[in-house]
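Residue numbers (the working numbering): 73 to 313.
All C-beta atoms, glycine included, are put in the ideal place defined by N, C-alpha and C.
Read the structure below first, then the notes.
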Ligand SMILES: Nc1ncnc2c1ncn2[C@@H]1O[C@H](COP(=O)(O)OP(=O)(O)OP(=O)(O)O)[C@@H](O)[C@H]1O
Ligand SMILES: [Mg+2]
């Protein structure tokens with residue numbers, strides 16, 4: 073199945089029309105990093121509400137705080153002050169195990185550099201997130217094969233990353249992000265290492281996932297890629313402008 077023939081919203085008639093449930097909420101969020109007595113105010117009062125099924129692009133110059141914000145949204149880091157709610161839940165005070173569980177259930181990550189394990193086949197890479205939660209090998213294989221077929225890569229499942237093009241590697245990474253069926257996809261410059269044609273293919277996949285109801289938050293430096301989102305947020309010096 074190619075990106076352009078991804079199942080469209082036939083069975084999920086535009087969920088946004090009748091569901092306006094906030095899934096990501098930030099209230100006066102601040103983040104200060106302290107290294108060797110040097111303080112960096114990476115976020116300076118972010119207010120943000122993202123509803124279930126939204127596709128939000130984040131733009132802004134280097135160092136404006138985009139990845140810092142995304143790391144908090146992804147429960148990889150916590151704010152210095154302010155409130156952050158994921159699906160209505162205040163995750164700040166949860167221990168690492170609980171946060172890891174929430175991450176694996178609710179969030180799929182996609183990065184610029186794909187972050188695939190080398191000398192490991194596509195299907196094994198996709199299977200990785202399931203190893204923590206699912207002990208049934210047959211089910212794991214089935215779920216991983218489904219995820220790879222969703223991104224049109226069934227015929228490359230036994231290839232290792234070095235045997236795949238950049239776009240194919242990113243598609244494996246997307247399959248890996250989707251294998252747990254998370255409701256949110258967080259993508260930090262997913263097309264940063266791809267040519268423009270391949271970037272559009274990846275956006276086709278994101279659009280398809282979004283039309284199935286997935287919430288997408290994507291950082292990009294490219295305006296034409298950002299425009300695939302239904303909303304563009306601009307950051308500058310730790311603030312949304
Ligand atoms: N772990 C850290 N320790 C100290 N400072 C950090 C850390 N991570 C980020 N920063 C600083 O926080 C600020 C925001 O960084 P961030 O990575 O969020 O920017 P960004 O908008 O994602 O930039 P880019 O477009 O280059 O990826 C920068 O000034 C950066 O140097
Ligand atoms: Mg960044």
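In this structure, the CA atom of residue 273 is about 10 Å from the CA atom of residue 279. Between ligand 2 and residue 260, a heavy atom-to-CB distance of less than 8 Å is present. In this structure, residue 258 lies near residue 180, with their beta-carbon atoms less than 9 Å apart. Each of 312, 251 and 133 was checked against the Cα of residue 218, and the nearest Cα belongs to 251.
Nearest C-alpha to residue 311 among 131, 281 and 221: 131. Taking one beta carbon from each stretch, the stretch 99-106 and the stretch 140-158 have 3 or more pairs nearer than 8 Å; the two touch. Of the residues 94, 197, 293 and 253, the one whose Cα lies closest to the Cα of residue 161 is 94. Look at the beta carbons and you see the stretch 224-242 touching the stretch 186-201: at least three pairs across the two are nearer than 8 Å.
When DSSP states are grouped into helix, strand and coil, residue 300 belongs to the coil group. For residue 281, the uninterrupted alpha helix (DSSP H) run begins and ends at 268-283, by DSSP.
Distances from the CB of residue 132 to the heavy atoms of ligand 1 include at least one below 8 Å. Close CB contacts of residue 209 within its chain, under the 6 Å cut and outside five residues either way in sequence, are absent. The residue among 97, 183, 176 and 100 with its C-alpha nearest the C-alpha of residue 261 is 183. The Cβ-Cβ distance between residue 297 and residue 271 falls below 9 Å. In this structure, the beta-carbon distance from residue 247 to residue 289 does not fall below 9 Å. In this model, residue 267 and residue 134 are separated by some 20 Å (Cα to Cα). Spatial neighbours of residue 228 in its own chain (CB-CB distance under 7 Å, excluding positions within 5 residues in sequence) are listed in chain order as 194, 236 and 240.
Counting of Cβ neighbours within 10 angstroms places residue 211 among the exposed residues, the total staying below 16. One thing to note: residue 96 has its Cβ within 9 Å of the Cβ of residue 157.
Distances from the CB of residue 185 to the heavy atoms of ligand 2 are all 8 Å or more.
Between residue 202 and residue 216, the gap from beta carbon to beta carbon is short of 9 Å.
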